[in-house]
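Peer 1:
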Amino acid sequence: NTALTNGEFEMFLQPQVDVWSGKIRGAEALVRWRHPIRGIRVPATFLDLFESNGFITKLDAYMWEEACKYMSRMKEKGIEMPISVNISRVHINNTDLVSTLLALVKKYDLTPNMLELEITENLFIDDVTELFEQMNKLKAVGFSIQMDDFGSGYSSLNMLRRAPVDVLKIDRFFLDEIMATERGRIIVEPSVRMAKQLDLEVIAEGGETQEQLDVL
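Take the sequence shown: its position 128, counting from 1, is numbered 158 in the working numbering, and each next residue is one higher.
1) Taking 8 Å as the cut-off, decide whether the C-beta atoms of C26 and L134 are in contact.
2) Count the other CB atoms, across all protein chains shown, that sit within 10 Å of the CB of V72; report buried if there are 16 or more and exposed otherwise.
3) Measuring alpha carbon to alpha carbon, tell me which of L79, P45, R103, L246 ends up nearest S221.
4) Could you tell me which of R202, I216, E235, L43 sits nearest to Y100, measuring between CA atoms?
5) Taking the alpha-carbon positions, what's the E219 to L147 distance?
6) List the endpoints of the continuous beta strand (DSSP E) containing V115.
7) Among the candidates D157, V115, E96, E110, whose CA atom is the shortest distance from the CA of K137?
8) In this structure, how does DSSP classify P66 when only helix, strand and coil are distinguished?
9) Counting only the same chain and skipping the five closest in sequence on each side, list residues whose C-beta sits under 7 Å from that of Y92.
10) Counting only the same chain and skipping the five closest in sequence on each side, list residues whose C-beta sits under 6 Å from that of V47.
11) Ends of the beta strand (DSSP E) at A234?
12) With T35 as the anchor, note down where its alpha helix (DSSP H) starts and where it stops.
13) Quick one: residues in its chain with C-beta nearer than 7 Å to the C-beta of K169, no 5 flanking neighbours on either side, listed in chain order?
14) With DSSP run on the structure shown, which of helix, strand or coil describes D48?
15) Report the start-end ranges of each alpha helix (DSSP H) in the stretch 154–178 that is 4 residues or longer and not cut off at the edges.
This is how it looks when you write it as C-alpha coordinates:
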(Lines of atoms letter the chains of each structure in order from A and count residues from 1; the text may use other names and numbers.)
(Lines give C-alpha, C1' and ligand atoms only; values in the text may rest on other atoms or scores of the structure.)
Protein backbone atom coordinates (compact mmCIF):
# COMPACT_ATOMS: atom_id res chain seq x y z
CA ASN A 1 0.00 0.00 0.00
CA THR A 2 2.86 2.35 0.79
CA ALA A 3 4.44 1.69 -2.60
CA LEU A 4 1.13 2.45 -4.31
CA THR A 5 0.68 5.66 -2.32
CA ASN A 6 4.23 6.74 -3.16
CA GLY A 7 3.67 6.22 -6.89
CA GLU A 8 6.29 3.48 -7.20
CA PHE A 9 4.19 1.45 -9.67
CA GLU A 10 4.42 2.66 -13.27
CA MET A 11 2.61 1.81 -16.47
CA PHE A 12 4.80 0.83 -19.40
CA LEU A 13 3.17 0.42 -22.81
CA GLN A 14 4.07 -2.41 -25.19
CA PRO A 15 2.91 -1.47 -28.70
CA GLN A 16 0.79 -3.77 -30.82
CA VAL A 17 1.66 -3.36 -34.49
CA ASP A 18 -0.39 -4.33 -37.53
CA VAL A 19 1.82 -6.67 -39.57
CA TRP A 20 0.39 -5.45 -42.88
CA SER A 21 0.42 -1.69 -42.42
CA GLY A 22 3.22 -1.40 -39.86
CA LYS A 23 1.04 1.00 -37.87
CA ILE A 24 0.45 0.81 -34.14
CA ARG A 25 -3.09 -0.49 -33.54
CA GLY A 26 -2.97 -0.34 -29.75
CA ALA A 27 -0.85 -1.21 -26.75
CA GLU A 28 -0.69 -3.48 -23.73
CA ALA A 29 -0.33 -1.95 -20.28
CA LEU A 30 2.52 -3.53 -18.32
CA VAL A 31 3.24 -2.72 -14.69
CA ARG A 32 6.74 -2.06 -13.37
CA TRP A 33 7.65 -1.49 -9.73
CA ARG A 34 10.29 1.23 -9.39
CA HIS A 35 11.53 0.06 -6.00
CA PRO A 36 13.54 2.74 -4.12
CA ILE A 37 16.25 0.21 -3.21
CA ARG A 38 16.01 -2.69 -5.68
CA GLY A 39 15.35 -0.63 -8.81
CA ILE A 40 12.85 -1.55 -11.52
CA ARG A 41 11.18 -4.88 -10.81
CA VAL A 42 9.17 -6.85 -13.37
CA PRO A 43 5.82 -8.54 -12.57
CA ALA A 44 7.34 -12.03 -12.32
CA THR A 45 9.07 -10.95 -9.11
CA PHE A 46 5.95 -9.78 -7.27
CA LEU A 47 2.65 -10.80 -8.90
CA ASP A 48 2.38 -14.20 -7.21
CA LEU A 49 2.74 -12.54 -3.82
CA PHE A 50 0.20 -9.84 -4.64
CA GLU A 51 -2.30 -12.43 -5.85
CA SER A 52 -1.94 -14.46 -2.66
CA ASN A 53 -2.27 -11.51 -0.28
CA GLY A 54 -5.08 -9.77 -2.19
CA PHE A 55 -3.16 -6.61 -3.07
CA ILE A 56 -3.57 -7.46 -6.77
CA THR A 57 -7.09 -5.96 -6.66
CA LYS A 58 -5.69 -2.53 -5.80
CA LEU A 59 -2.84 -2.80 -8.28
CA ASP A 60 -5.15 -3.87 -11.11
CA ALA A 61 -7.56 -1.01 -10.40
CA TYR A 62 -4.62 1.41 -10.40
CA MET A 63 -3.41 0.14 -13.76
CA TRP A 64 -6.90 0.29 -15.27
CA GLU A 65 -7.15 3.93 -14.28
CA GLU A 66 -3.65 4.76 -15.52
CA ALA A 67 -4.56 3.27 -18.91
CA CYS A 68 -7.76 5.32 -19.07
CA LYS A 69 -5.91 8.49 -18.12
CA TYR A 70 -3.41 7.91 -20.92
CA MET A 71 -6.11 7.20 -23.51
CA SER A 72 -7.94 10.33 -22.43
CA ARG A 73 -4.80 12.43 -22.95
CA MET A 74 -4.27 10.86 -26.38
CA LYS A 75 -7.91 11.48 -27.29
CA GLU A 76 -7.45 15.18 -26.56
CA LYS A 77 -4.66 15.14 -29.16
CA GLY A 78 -6.92 13.45 -31.71
CA ILE A 79 -5.40 9.99 -31.29
CA GLU A 80 -7.61 7.05 -30.39
CA MET A 81 -5.49 4.09 -29.35
CA PRO A 82 -6.99 1.21 -27.35
CA ILE A 83 -5.02 -0.19 -24.43
CA SER A 84 -5.35 -3.70 -23.07
CA VAL A 85 -5.21 -4.38 -19.34
CA ASN A 86 -5.10 -7.54 -17.26
CA ILE A 87 -8.06 -8.93 -15.34
CA SER A 88 -7.08 -11.19 -12.44
CA ARG A 89 -9.17 -14.17 -11.35
CA VAL A 90 -10.01 -12.47 -8.05
CA HIS A 91 -12.05 -9.84 -9.91
CA ILE A 92 -14.13 -12.50 -11.63
CA ASN A 93 -15.25 -13.95 -8.31
CA ASN A 94 -15.31 -11.03 -5.92
CA THR A 95 -16.15 -7.75 -7.64
CA ASP A 96 -18.90 -6.24 -9.75
CA LEU A 97 -16.55 -6.01 -12.68
CA VAL A 98 -19.00 -4.68 -15.27
CA SER A 99 -20.19 -1.69 -13.27
CA THR A 100 -16.66 -0.90 -12.07
CA LEU A 101 -15.18 -0.82 -15.57
CA LEU A 102 -18.15 1.02 -17.08
CA ALA A 103 -17.85 3.72 -14.44
CA LEU A 104 -14.15 4.03 -15.17
CA VAL A 105 -14.44 4.52 -18.94
CA LYS A 106 -17.35 6.93 -18.40
CA LYS A 107 -15.22 8.96 -15.98
CA TYR A 108 -12.63 9.55 -18.73
CA ASP A 109 -15.15 9.96 -21.59
CA LEU A 110 -14.06 6.75 -23.33
CA THR A 111 -16.04 3.98 -25.00
CA PRO A 112 -15.78 0.44 -23.56
CA ASN A 113 -14.04 -0.92 -26.67
CA MET A 114 -11.06 1.34 -25.97
CA LEU A 115 -10.22 -0.56 -22.77
CA GLU A 116 -9.44 -4.09 -23.93
CA LEU A 117 -9.53 -6.79 -21.26
CA GLU A 118 -6.96 -9.57 -21.08
CA ILE A 119 -7.79 -12.83 -19.33
CA THR A 120 -4.92 -15.28 -19.05
CA GLU A 121 -5.31 -18.78 -20.40
CA ASN A 122 -4.75 -20.41 -17.00
CA LEU A 123 -8.04 -18.96 -15.74
CA PHE A 124 -9.82 -21.46 -18.00
CA ILE A 125 -8.50 -24.45 -16.05
CA ASP A 126 -11.07 -24.29 -13.23
CA ASP A 127 -14.85 -24.20 -13.45
CA VAL A 128 -15.56 -21.61 -16.13
CA THR A 129 -19.27 -21.07 -15.49
CA GLU A 130 -18.86 -17.81 -13.58
CA LEU A 131 -15.93 -16.74 -15.75
CA PHE A 132 -17.94 -17.10 -18.96
CA GLU A 133 -20.91 -15.34 -17.36
CA GLN A 134 -18.77 -12.31 -16.51
CA MET A 135 -17.11 -12.34 -19.93
CA ASN A 136 -20.47 -12.37 -21.71
CA LYS A 137 -21.69 -9.46 -19.57
CA LEU A 138 -18.56 -7.47 -20.41
CA LYS A 139 -18.94 -8.19 -24.13
CA ALA A 140 -22.63 -7.22 -24.00
CA VAL A 141 -21.76 -3.68 -22.88
CA GLY A 142 -19.00 -3.25 -25.46
CA PHE A 143 -15.73 -4.46 -23.95
CA SER A 144 -13.36 -6.57 -26.06
CA ILE A 145 -12.03 -9.75 -24.43
CA GLN A 146 -8.57 -11.13 -25.15
CA MET A 147 -7.30 -14.59 -24.22
CA ASP A 148 -3.74 -13.92 -23.12
CA ASP A 149 -0.78 -16.34 -23.20
CA PHE A 150 -2.52 -18.83 -25.51
CA GLY A 151 -0.36 -21.92 -25.82
CA SER A 152 1.52 -21.45 -22.56
CA GLY A 153 -0.47 -23.97 -20.60
CA TYR A 154 -4.04 -25.22 -20.92
CA SER A 155 -4.70 -24.70 -24.63
CA SER A 156 -7.89 -26.72 -24.96
CA LEU A 157 -9.28 -26.38 -28.47
CA ASN A 158 -12.72 -27.18 -27.09
CA MET A 159 -12.35 -24.37 -24.57
CA LEU A 160 -11.39 -21.96 -27.34
CA ARG A 161 -14.53 -22.96 -29.21
CA ARG A 162 -16.68 -22.15 -26.17
CA ALA A 163 -14.90 -19.16 -24.67
CA PRO A 164 -16.49 -15.75 -25.47
CA VAL A 165 -13.27 -14.06 -26.58
CA ASP A 166 -12.56 -11.60 -29.39
CA VAL A 167 -8.76 -11.74 -29.53
CA LEU A 168 -6.25 -14.57 -29.24
CA LYS A 169 -2.81 -13.58 -27.94
CA ILE A 170 -0.22 -16.21 -28.79
CA ASP A 171 2.41 -16.65 -26.09
CA ARG A 172 5.87 -15.40 -27.09
CA PHE A 173 7.27 -18.91 -26.55
CA PHE A 174 5.56 -19.95 -29.78
CA LEU A 175 7.16 -17.14 -31.74
CA ASP A 176 10.55 -18.38 -30.55
CA GLU A 177 9.58 -21.89 -31.64
CA ILE A 178 8.52 -20.66 -35.08
CA MET A 179 11.92 -19.13 -35.61
CA ALA A 180 13.85 -22.08 -34.18
CA THR A 181 12.12 -25.17 -35.55
CA GLU A 182 9.99 -26.31 -38.46
CA ARG A 183 7.89 -28.18 -35.92
CA GLY A 184 7.07 -24.89 -34.21
CA ARG A 185 5.80 -23.40 -37.45
CA ILE A 186 3.69 -26.49 -38.16
CA ILE A 187 1.96 -25.99 -34.81
CA VAL A 188 1.47 -22.23 -34.97
CA GLU A 189 0.31 -21.82 -38.58
CA PRO A 190 -2.89 -23.89 -38.19
CA SER A 191 -3.55 -22.25 -34.80
CA VAL A 192 -3.56 -18.83 -36.46
CA ARG A 193 -5.66 -20.12 -39.35
CA MET A 194 -8.15 -21.66 -36.94
CA ALA A 195 -8.41 -18.41 -34.97
CA LYS A 196 -9.13 -16.48 -38.15
CA GLN A 197 -11.85 -18.98 -39.11
CA LEU A 198 -13.38 -18.37 -35.67
CA ASP A 199 -13.34 -14.65 -36.56
CA LEU A 200 -10.78 -13.85 -33.86
CA GLU A 201 -8.11 -11.20 -34.10
CA VAL A 202 -4.64 -12.66 -33.47
CA ILE A 203 -1.79 -10.98 -31.61
CA ALA A 204 1.63 -12.64 -31.48
CA GLU A 205 3.58 -11.53 -28.43
CA GLY A 206 7.31 -10.85 -28.42
CA GLY A 207 7.99 -9.84 -32.02
CA GLU A 208 11.23 -7.84 -32.06
CA THR A 209 13.02 -8.47 -35.37
CA GLN A 210 12.29 -8.00 -39.06
CA GLU A 211 12.73 -11.73 -39.58
CA GLN A 212 10.01 -12.48 -37.04
CA LEU A 213 7.75 -9.90 -38.67
CA ASP A 214 8.27 -11.49 -42.08
CA VAL A 215 7.29 -14.91 -40.72
CA LEU A 216 4.16 -13.52 -39.08
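Each residue gets a CB set at the ideal place from its N, CA and C atoms; glycine is no exception.
Peer 2: So, from the listed chains and residues:
1) Nothing in the structure corresponds to residue 26, since the chain is present only between 31 and 246.
2) Counting Cβ neighbours within 10 Å, V72 comes out exposed, since fewer than 16 surround it.
3) The candidate whose alpha carbon is nearest that of S221 is L246.
4) Taking each of R202, I216, E235, L43 in turn and checking the Cα distance to Y100, the smallest one comes out for L43.
5) The alpha-carbon of E219 is positioned some 25 Å away from that of L147.
6) 113–116 is the span of the beta strand (DSSP E), which, as asked, contains V115.
7) Answer by Cα proximity: E96.
8) Looking at P66 - three-state DSSP - the assignment turns out to be coil, as it is neither helix nor strand.
9) Its chain contains L34, F39 as the residues whose beta carbon lies nearer than 7 Å to that of Y92, once the 5 sequence neighbours on both sides are disregarded; these appear in chain order.
10) Beyond the five residues adjoining it in sequence on each side, V47 comes within less than 6 Å, by CB distance, of I54 in the same chain, given in chain order.
11) Following the DSSP letters along the chain, one finds A234 inside the beta strand (DSSP E) bounded by residues 231–234.
12) Start and end: 32–35.
13) If we look at K169 and ignore the five residues flanking it on each side, its Cβ neighbours are I175, P194.
14) Secondary structure of D48 (DSSP, three-state): coil.
15) Restricted to the stretch 154–178, the alpha helix (DSSP H) segments that are unbroken, complete and at least 4 residues in length are 159–170, listed in chain order.
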